[in-house]
Structure formats: structure tokens, C-alpha cells
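In this note's numbering, the protein residues as written are 666 to 1089.
This report refers to the structure that appears directly beneath it.
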């Protein structure tokens, strides 16, 4: 069936498209932008006057809680939240229950997403069996089963020899290693950034060095193995500078930053606000500003939600005992667009952070509107100002600290495979 999306401002950073065009879709695939393809007949039409039309968004890190923690959320509930946020593709870490350390687990999760029929899921395979940091998984089989990379999630690989061998093994099969680089001994039982707030509140602290030492170790191993690696959720200015130097010397490294670390600092914790308990922790103002400039410079190339929905009780405990994480699918686009509103990024730069850049890191044919691409599309109203209410979220997890924030830009419609999946 032919579909024409007319009068919209099409922004496709992968193909350097930024202007008012008609987008033509046929049988679920992009058939043309601007001029209609030969013999094209539009049986349906969407008038996108005054709206921005871009590729469906890609969230490079989101925990959906199923399988294993369905009391927090389910694939159905979280994929519904994703599609409402314009997200048509998600990458999930391997720390499900059971762990994604076998081809069967990887295939089961993908099949479940297909059955639900909303956003598409790409899993990461476990780097080590059971994420225990001891014995390597069969990475080749995981890659064959659809895993787009390997990771040990939030569990540290304490043995440097094991990590080195893991990088060598992953490199053999052209798999990207996703790293959460924190020194487990320096991190200890910390819950907030080591600084003024940790001192005032008397909370166990995580020093900047926990991240920089972890990043330094992993960069040294990357130098010796030349494995393609991606750093998840960098949070400190010094780690960003280390990454910039590594990239300048030609190391095959990339990185992402969580949307909340671009807007919040340790001071937003206030008086023990557990909604601001995240890992890595909210850092200082200087760190936040350096993360923003790193996006502009291209040192960090992706913004992600690091979506972690929780049941209410998980946040209704003393700060140190509360579970870290933010339910962020529905604020990923608004928080990224806020960087445009703040003058940090141009609109095409912001959209690239959520589309073509994560697609390239994951090695998937998505995040663009080139002819032949799957018609996963996000349509949003850049001129709409609205106030966020976490109590009206679609996600089962309402643990989001941006209550009553005013945003500019809101999703109007999302299409997957050329078919309407969400409409406000």
C-alpha cells in the first residue's frame, strides 16, 4: 500500500536531508523523498504540515525487565512506552533473568518483540557466562542468534586477563564490546558522586576516579587488542577527555551519555530525592557541561535513556537502599530536544544522536530514510510546549525525576514498517 507523508519538514542526517519534502512509502519501505517514484500511487496520506518527520529513534540502552522482573514492567508495557516516545528500535543489555548468554535466550526475546509488534529489539549477548566475569561465552553463536554486540552489563570483569581475552575473542568475530567502565573497588558501596552533596548528606560516595581508572584500564586493553568498543554512560569530564584523546589517536572507540546526565547534577538530589539515584551517579556542573560539549564535538555520539523502570517501593526507601535508575523512554526525545532549545545543538545534530549514530554503532540498517529503508518514522511537533507529568506515563515505571519540567517538542505519530503504531 502506498503512503505519502506530505508537507513535513524531513530531517534525515544520514542522507543530509533537511527541508520540506514529501516522503513516499510503499509496502513498508521508503520509496522516495521529494520526487515520487515511478508509478507510485498513494492510497493513504498523512499531512505533516508544521511537523518534523525523522527516522524512528534508536535507544542504545534500555532495560525492559522481561524476562525475570515482570513485577517491575513487561515487554508489552515498555514497548508501548517506547513507541509513544518515537522509539522504534531498542538495544537491551544481557542482564535479564536468565542472562542472555545462550542463543536460545537471544532468539526468545526477539521473537517475543515480534509477537508484540511495536518497537524492534536488538539484544546484547553476555560477555561472560552468567555475567560472572570468569568464563567467556560462545560469542560467535550469540552473534549468529542476532546479538549486535557483547557486554557484561553492570557486572565488573575484575580479572584483566579475562577482559583482554574477551576483547580478542569479540574482535575475531567483528563484535562490538559494550563497556560499563567503573573500578569496582573504588566504587564500593557508593550511591552518589563524591563531592559537596555526599558530604552534606552523609551518603557513601563514588569518586571520579572510579570511572577514570576503569576507562584507563579498558583503553589500555583496546590499544593492545584493537577491539571495537563502546563506552556506556560516561559521566565525568576527565573520562570524556581520555576518550577524546583515544579517538584522536585512532582507537576504534565510541561512547554514549544518558539523557538525564545532560541536564541534572548532584545538586538535584536535594534532600535525599531517590528519583535522582542513578548509576553512574549525577556528577558536578563541570562534568555536565563537558558532556554537553562532547556531543557538539562528536566525541560522544549517542544519547540514550538507560531506561530502568521500577515498582514504587524500589524508590520508597532510604537513599542508600533504593534501587538506582530512571524510567526514561518517554523523556529521551524531549530531553535531547531541550539541548536544541538551549542552543547546545542544531536540530539535525540532535536527531543524529538518536538515529543514524546509534545505528552505525550497532551495525544495523536503520536510523535513516534512504530508499529501501524500513519505514520506521517519528513525527513530532517542535512548536508544542508541554509539561511532563510522570503520573501519566505509559511505562509501568513512574520513577522519573523530571516532574513538571516544561519541554518543547512532542511526538504526534510513530510508524513502524509504514504502519501507524502510535498516534496522540
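Beta carbons: idealized from backbone N, C-alpha and C, even for Gly.
Check                                                                                                                                                       : Outcome
What are the start and end residues of the alpha helix (DSSP H) that includes residue 999?                                                                  : 997 to 1006
Distance check for residue 899 and residue 971, CA to CA, integer angstroms please.                                                                         : 12 Å
Under the assumption that residue 1075 contacts residue 1045 (Cβ atoms under 8 Å), give the Cβ distance between them as a whole number of angstroms.        : 6 Å
Run through the DSSP bridge pairs and tell me what residue 709 is partnered with.                                                                           : 668
With contact counted as at least three CB pairs below 8 Å, one residue from each stretch, are the segment 777 to 791 and the segment 696 to 713 in contact? : no
Verify the CB distance criterion: does residue 775 have a CB-CB separation below 7 Å to chain D?                                                            : Chain labels in this structure do not include chain D; a single protein chain is all it has.
Classify residue 889 as buried or exposed, calling it buried when 16 or more other Cβ atoms lie within 10 Å of its own Cβ.                                  : exposed
Tell me the DSSP secondary structure of residue 843 in three-state form.                                                                                    : strand
Please classify residue 708 as buried or exposed, where buried requires at least 16 other C-beta atoms within 10 Å of its C-beta.                           : exposed
Terminal residues of the continuous alpha helix (DSSP H) containing residue 774?                                                                            : 768 to 781
Taking the alpha-carbon positions, what's the residue 666 to residue 685 distance?                                                                          : 23 Å
Work out the CA separation of residue 937 and residue 1022 for me, nearest whole Å.                                                                         : 36 Å
To the nearest angstrom, how far is it from the Cα of residue 866 to the Cα of residue 855?                                                                 : 13 Å
So, residue 994 versus residue 1042, is the Cβ gap smaller than 7 Å?                                                                                        : no
Give a yes or no on whether the C-beta atoms belonging to residue 725 and residue 894 are separated by under 7 Å.                                           : no
Once you ignore the five residues that flank residue 959 on each side, which residues in its own chain have a CB closer than 6 Å to its CB?                 : 905, 965
Could you tell me the alpha carbon to alpha carbon distance between residue 780 and residue 688, rounded to whole angstroms?                                : 28 Å
What residues in its chain sit with their C-beta under 8 Å from that of residue 874, if we drop five residues either side in the sequence?                  : 848, 851
Helix, strand or coil for residue 1031? Go by DSSP, reduced to three states.                                                                                : coil
Going by beta-carbon coordinates alone, are residue 828 and residue 886 separated by less than 7 Å?                                                         : yes
What residue range is occupied by the uninterrupted alpha helix (DSSP H) comprising residue 762?                                                            : Counting along the chain, residue 762 falls outside any alpha helix (DSSP H), and DSSP gives it neither H nor E.
From which residue to which residue does the beta strand (DSSP E) around residue 696 run?                                                                   : 694 to 698
May I ask you to report which of helix, strand or coil DSSP gives residue 1072?                                                                             : strand
Inspect the beta-carbon positions of residue 810 and residue 796 and report whether they are closer than 7 Å.                                               : no
Give the secondary structure of residue 913 by DSSP, where H, G and I count as helix, E and B as strand, and everything else as coil.                       : helix
Within 10 Å of its beta-carbon, does residue 1056 have 16 or more other beta-carbons around it, so buried, or fewer, so exposed?                            : exposed
Taking only the alpha-carbon atoms, compute the straight-line gap between residue 727 and residue 752 and give it to the nearest angstrom.                  : 11 Å
Are the Cβ atoms of residue 1103 and residue 909 separated by less than 7 Å?                                                                                : One cannot answer for residue 1103 here, as it falls past the ends of the chain, which runs 666 to 1089.
Taking Cβ to Cβ, would you say residue 737 is nearer than 7 Å to residue 942?                                                                               : no
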